Every structure is written in structure tokens, then in C-alpha cells.
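Peer 1: This is the structure, below, for whatever I ask next.
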Amino acid sequence: MSKIKFLLDVVSDLRSLADSVQAVADAIASNEPEEVSKPEQPQSEKQPEEKRVTLEEVRTVLAEKSHDGFTAEVRALLQKYGASKLSEIDPSKYIAFLEDAEGLK
Numbered sequence: 000m001s002k003i004k005f006l007l008d009v010v011s012d013l014r015s016l017a018d019s020v021q022a023v024a025d026a027i028a029s030n031e032p033e034e035v036s037k038p039e040q041p042q043s044e045k046q047p048e049e050k051r052v053t054l055e056e057v058r059t060v061l062a063e064k065s066h067d068g069f070t071a072e073v074r075a076l077l078q079k080y081g082a083s084k085l086s087e088i089d090p091s092k093y094i095a096f097l098e099d100a101e102g103l104k
């Protein structure tokens, strides 16, 4: 293997590592506990909460899929939802988008 090819591989690996580190940092930031405590409601009055997916959660999954070699599939999935980048997707579609992304194999 030539030195240039080796260096290009190293650069590629570093970029993948940076994406993974960013995804971990986003996941950690989104899991920090809230400082404002909400008053407890009786169990019978609580309504089932709809699962909410954040941009950071979707970004984390996409970074993992891209790192696993599914970059082209991730781009195709973005186009399926009418976007060229993740921030253009309507947040109400995050759950469906995340389910599709997790199904990439």
C-alpha cells in the first residue's frame, strides 16, 4: 500500500471517528437530567405520553449507519422524505424516519 493511500485511509478513519464522537456527545447532551422538577401527578391521571424523537437522536442513528457503510442509503432515505439534509425534515416525521433508518441493513 502506498503512503498516500495509507494516509487517505487514516484521514477517512479520523473523519468516521469524529462523526462517532459527535454522535456520542449529542446523545450525552440529550440525556442530561432536567433541573426543574415537575410536581408528581397521581398515577391514574397521567396520560400516556407519545414517544418524542429529537433531532439529536435521529442524527446519532444516522451517524452510526453512515459509519457502518450505509451512507448512500441514508442519502436515499433523506430524499424519500423530501430533504437533502436532516434539518429539512419535519420533526413530526422523525419517528417514521428513525424507524426506516434503523431498518437499513
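FYI, numbering that gives the first Met the number 0 numbers position 30 of the sequence shown as 29, with every residue one higher than the one before it. Each residue gets a CB set at the ideal place from its N, CA and C atoms; glycine is no exception. Predicted model, so just to flag it, every value in this text is computed and none were measured.
Using only the alpha-carbon positions, how far apart do residue 56 and residue 20 sit?
Peer 2: Taking the sequence shown and counting its residues from 1, one reaches residue 56 at position 57. Taking the sequence shown and counting its residues from 1, one reaches residue 20 at position 21. In this structure, the straight-line span from the alpha carbon of residue 56 to that of residue 20 is close to 14 Å.
Peer 1: Identify whether residue 58 lies in helix, strand or coil by the three-state DSSP scheme.
Peer 2: Sequence index remark: in the sequence shown, residue 58 carries index 59 (1-based). Note: residue 58 maps to helix in three-state DSSP.
Peer 1: Nearest CA to the CA of residue 76: which residue from 54, 12, 97 and 50?
Peer 2: Counting from one through the sequence shown, the residue named residue 76 turns up at place 77. Closest option to residue 76, Cα to Cα, is 97.
Peer 1: Can you tell me whether residue 50 is helix, strand or coil according to DSSP?
Peer 2: For the purposes of this step, residue 50 is taken as residue 51 along the sequence shown, with counting starting at 1. Of the three classes helix, strand and coil, the one that applies to residue 50 here is coil, per DSSP.
Peer 1: Going by other Cβ atoms of all chains shown within 10 Å of its Cβ, with 16 needed for buried, is residue 9 buried or exposed?
Peer 2: The residue you call residue 9 lines up with position 10 of the sequence shown. Exposed is the call here.
Peer 1: Specify, as a first and last residue, the run of the alpha helix (DSSP H) that residue 80 falls within.
Peer 2: For the purposes of this step, residue 80 is identified with residue 81 of the sequence shown, where counting begins at 1. Careful: residue 80 lies outside any alpha helix (DSSP H) and carries neither H nor E.
Peer 1: Is residue 58 near residue 22, with beta carbons less than 8 Å apart?
Peer 2: Against the sequence shown, residue 58 aligns to sequence position 59. Against the sequence shown, residue 22 aligns to sequence position 23. Cβ atoms of residue 58 and residue 22: closer than 8 Å.
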